[in-house]
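The next block holds one structure in the form of structure tokens; read it before the comments.
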Amino acid sequence: MKFLKAPLLTLLILSVVGLVFDFALDAYFQLILLYALVNCLLSMSLNLVNGYTGQFSLGHAGFMAIGAYFAAYANTKWDILPPALNALEFFIYCTGAGLFAAVAGLLVGLPSLRLKGDYLAIVTLGFGEIIRVTLLNMDFLGGPRGYSNIPGFSSFLFSFIFACVWLTICFFTIWRVMHSTYGRGFLSVREDEIAAEAMGINTTRMKVRAFVLSSFFAGVAGALFAHFTKFISPSSFTFLQSVNVVIMVVLGGMGSMTGSIVAAFIITILPEALRPLQDLTGVDLRMVIYSLSLILVMILRPKGLFGDQEITAVWRKYARRNS
Amino acid sequence: MQDFIQHIINGISLGSIYALIALGYTMVYGILKMINFAHSDVYMVGAFAAYYVARFLGIENNPGFSTLITLLLFSMLSCAILGLAIERFAYRPLRKAPKLNILITAIGVSLFLEYGGQVVFGADPKVFPEVMKDFVLFNIADVELKSFDVTVLLVSLIAMLGLQFLIFKTKLGRAMRAVSANSSVASLLGVNPDRIITFTFIVGSALAGIGSVLVGMKYPKIDPLMGMMIGLKAFVAAVLGGIGNVGGAVLGALIMGLSEEMVVAYLSSTYRDALAFGILIVILIFKPAGLLGKYSVEKV
Chain D
35 MKFLKAPLLT LLILSVVGLV FDFALDAYFQ LILLYALVNC LLSMSLNLVN
85 GYTGQFSLGH AGFMAIGAYF AAYANTKWDI LPPALNALEF FIYCTGAGLF
135 AAVAGLLVGL PSLRLKGDYL AIVTLGFGEI IRVTLLNMDF LGGPRGYSNI
185 PGFSSFLFSF IFACVWLTIC FFTIWRVMHS TYGRGFLSVR EDEIAAEAMG
235 INTTRMKVRA FVLSSFFAGV AGALFAHFTK FISPSSFTFL QSVNVVIMVV
285 LGGMGSMTGS IVAAFIITIL PEALRPLQDL TGVDLRMVIY SLSLILVMIL
335 RPKGLFGDQE ITAVWRKYAR RNS
Chain B
-3 MQDFIQHIIN GISLGSIYAL IALGYTMVYG ILKMINFAHS DVYMVGAFAA
47 YYVARFLGIE NNPGFSTLIT LLLFSMLSCA ILGLAIERFA YRPLRKAPKL
97 NILITAIGVS LFLEYGGQVV FGADPKVFPE VMKDFVLFNI ADVELKSFDV
147 TVLLVSLIAM LGLQFLIFKT KLGRAMRAVS ANSSVASLLG VNPDRIITFT
197 FIVGSALAGI GSVLVGMKYP KIDPLMGMMI GLKAFVAAVL GGIGNVGGAV
247 LGALIMGLSE EMVVAYLSST YRDALAFGIL IVILIFKPAG LLGKYSVEKV
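Here the protein sequences come in this chain order: D and B.
Going from the first sequence to this note's numbering is simple: count from 1 and add 34.
Quick note on numbering: this note's numbering labels position 253 of the second sequence as 249, and the sequence is numbered without any gaps.
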């Protein structure tokens, strides 16, 4: 059971942190924190495709939507376990949501991942929009009215720990995949597709694998989102949501797991932190600042906050320079 | 039967508006090999420029030929200036950067214009000035030919012919084609690629300006997010025809306009947005170079 040591330790620390937050923060900050965790899941999973494998997907919100709707539907319609085992039931449905999204990812990925660069971006965008339009037209899922009364957790601490469990699973899964032969395959596809192919790597299959794994966690993130907000509608999963996740990955540095996490927190908290500015000026400048900073990051620091390094490496470099 | 012909006329009119915007995408792609996501928002700014100019000159309730010309000119001018500024400040610093960074910058510029537009113009929709009176010009066997559709067709036809002349008959056009084929060789032969790229942005944006006035005339409700959907559809049209190919953009746009009109008329209007992406996905999977595009061989 040695391989479980690090994840369990992380989870323990996160739970203690959650306990502190439970007392220290009010409901508003707690909700923002939960959204930040959902965004962490999204950005980490997209980082697998956009950062490590070097493909550009713009349809992450579509997979998130699939996961969210599956979890919402399953939780309201099916009752497989007694109420005492509610958390386990949520966990099962989240896994189901992830699997559902992964299947969708496979169906989308198989044809479209033969394309490259801009074309891939547009096709994934297209699939994301098609998923959204289809949801709009599905009457048993509420259509444009959305899906309400989704059961959620009774307390903040519970939701926080539940999200952290998934966060830990996601982080360690991707981390360990990236340090296995598959991870080398993903990286080689990013660095030079032709050379990778010459070395006997089936590049399309590699890309599809990365895409499916990424869609799985996007679906889980969608399920968590549905539990936390208790209401979802197709307008929560627009093109803008996908762009948001891309911004997180880019800001954190493409190919940096910890970078994605840090960026997810920044991107979630920044619009809320800029709220006083809105009160001051009377107009909503938040999104303007947001988009402007995206352009400036691209021009001034194209590799993002951490580049393709992790926060530990950045910290070590900093410490060495100062010693 | 006359219904069908009526739908064809509407479809062609819609398609020629798509074509004007698609030309901007295809020209920039032809030269820089990048998708200019901000193009659809340049189009939005053009519509608002026309709106404010009309209010400023007091001609918002003065339909007629002179109003059309004035608004077209001002819209083209403001779009051209905006296109120039975007190229100069956002894209030029990234000329040597990886493609992904340029793509993300383009999305950033697009978002910036959309939200900046919401701050400056206000998020609520505005009513576009009445450019022309809509009346029935001809009535052939119960098929109505309205003045709007005829104007849209004529103006876009003139614009496209002008573009054709510019690209294939002038020195500047030859330089554009040269940069598009190979920019480093073109610069060896005395063409300044930066200037040509700037010029391409100006022309493409001006075409979007024309499109914005025509759309405003036909569907007189403008808001800062109006560019999003029409921009995506115009882009699909450009890909459908073979991106980088001027004739292909027009052909693709006409197909898009017609098929959209037919889907709305005979199937369901809720699926009209999904249709565009459906077409795109099918074309990219089966014929990625587009209808009129050339396949290029990847060299190692």
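The C-beta atom is built at its ideal place from N, Cα and C for all residues, glycine as well.
Note that this is a predicted model, so its numbers are computed, not measured.
Min CB distance residue i to chain B below 8 Å
i, result
"Pro336/D", "yes"
"Pro305/D", "no"
"Leu170/D", "yes"
"Val167/D", "yes"
"Tyr153/D", "yes"
"Phe340/D", "no"
"Glu163/D", "yes"
"Leu328/D", "yes"
"Asp318/D", "yes"
"Pro145/D", "yes"
"Leu53/D", "no"
"Phe90/D", "yes"
Proximity below 8 Å, CB of residue i to CB of residue j
i, j, result
"Phe90/D", "Ala155/D", "yes"
"Ile184/D", "Ala260/D", "yes"
"Val283/D", "Leu80/D", "yes"
"Ala46/B", "Val209/B", "yes"
"Ile193/B", "Glu110/B", "no"
"Ala252/D", "Phe97/D", "yes"
"Gly93/D", "Thr158/D", "yes"
"Leu90/B", "Met332/D", "yes"
"Ser77/D", "Val279/D", "yes"
"Glu344/D", "Met291/D", "yes"
"Asp145/B", "Ile27/B", "no"
"Gly243/B", "Leu276/B", "no"
"Gly286/B", "Val211/B", "no"
"Ala297/D", "Leu339/D", "yes"
"Gly42/B", "Ala204/B", "yes"
"Ala131/D", "Ala105/D", "yes"
Residues that DSSP places opposite residue i in a beta bridge
i, result
"Leu314/D", "None; Leu314/D has no bridge partner."
"Leu141/B", "Phe134/B"
"Val123/B", "Lys217/B"
"Tyr181/D", "Ile266/D"
Test: residue i CB closer than 8 Å to a CB of chain D
i, result
"Gly274/B", "yes"
"Lys95/B", "yes"
"Ile281/B", "yes"
"Ile103/B", "yes"
"Asp219/B", "no"
"Val24/B", "no"
"Tyr14/B", "no"
"Asp37/B", "no"
"Phe108/B", "yes"
"Tyr262/B", "no"
"Tyr267/B", "yes"
"Ile31/B", "yes"
"Val115/B", "yes"
Closest residue to residue i among the options (Cα-Cα distance)
i, options, result
"Val187/B", "Gly243/B, Val199/B and Arg170/B", "Arg170/B"
"Ser152/B", "Leu10/B, Gln(-2)/B and Leu16/B", "Leu16/B"
"Pro121/B", "Val127/B, Met128/B and Gly113/B", "Gly113/B"
"Gly54/B", "Lys217/B, Pro125/B, Phe33/B and Pro216/B", "Pro125/B"
"Val142/D", "Lys36/D, Pro305/D, Ala95/D and Phe245/D", "Phe245/D"
"Pro59/B", "Ser180/B, Ser143/B and Ile218/B", "Ser143/B"
"Ser12/B", "Val246/B, Ala261/B, Thr266/B and Ile277/B", "Val246/B"
"Ala102/D", "Ala229/D, Phe262/D, Leu330/D and Phe161/D", "Phe262/D"
"Asn84/D", "Val348/D, Arg350/D, Asp342/D and Leu71/D", "Asp342/D"
"Leu42/D", "Val199/D, Gln275/D, Gly286/D and Arg210/D", "Val199/D"
"Phe231/B", "Leu185/B, Met30/B and Ala81/B", "Met30/B"
"Val24/B", "Met72/B, Met128/B, Phe195/B and Ser265/B", "Phe195/B"
"Ser189/D", "Phe340/D, Leu53/D and Gly219/D", "Leu53/D"
"Thr302/D", "Ala121/D, Ile235/D, Val72/D and Asp56/D", "Val72/D"
"Arg298/B", "Gly20/B, Ser255/B and Leu67/B", "An answer regarding residue 298/B cannot be provided, because it is not within the stretch -3 to 296 covered by chain B."
Neighbourhood of residue i by C-beta, 7 Å cutoff - its chain only, sequence neighbours within 5 removed
i, result
"Thr238/D", "Leu147 and Arg148"
"Ala137/B", "Gln(-2)"
"Ala34/B", "Ile82, Ala102, Val105, Ser106 and Leu109"
Nonlocal neighbours in the same chain, by C-beta distance under 6 Å from residue i, ignoring five residues either side
i, result
"Pro268/D", "Arg166, Leu169 and Leu170"
"Ala233/B", "Tyr14, Ala18, Gly248, Ala249 and Met252"
"Ile295/D", "Cys74"
"Gly237/B", "Gly244, Ala245, Leu247, Gly248, Gly286, Leu287 and Leu288"
beta-carbon residue i near the ligand ATP non-hydrogen atom, thresh 7 Å
i, result
"Ala137/B", "Inclusion of the ligand ATP in the displayed structure is not the case, the ligand content being empty and no account of it being possible."
Nonlocal neighbours in the same chain, by C-beta distance under 8 Å from residue i, ignoring five residues either side
i, result
"Asp152/D", "Phe90"
"Ser176/B", "Gly26, Ile27 and Gly240"
"Ala40/D", "Phe206"
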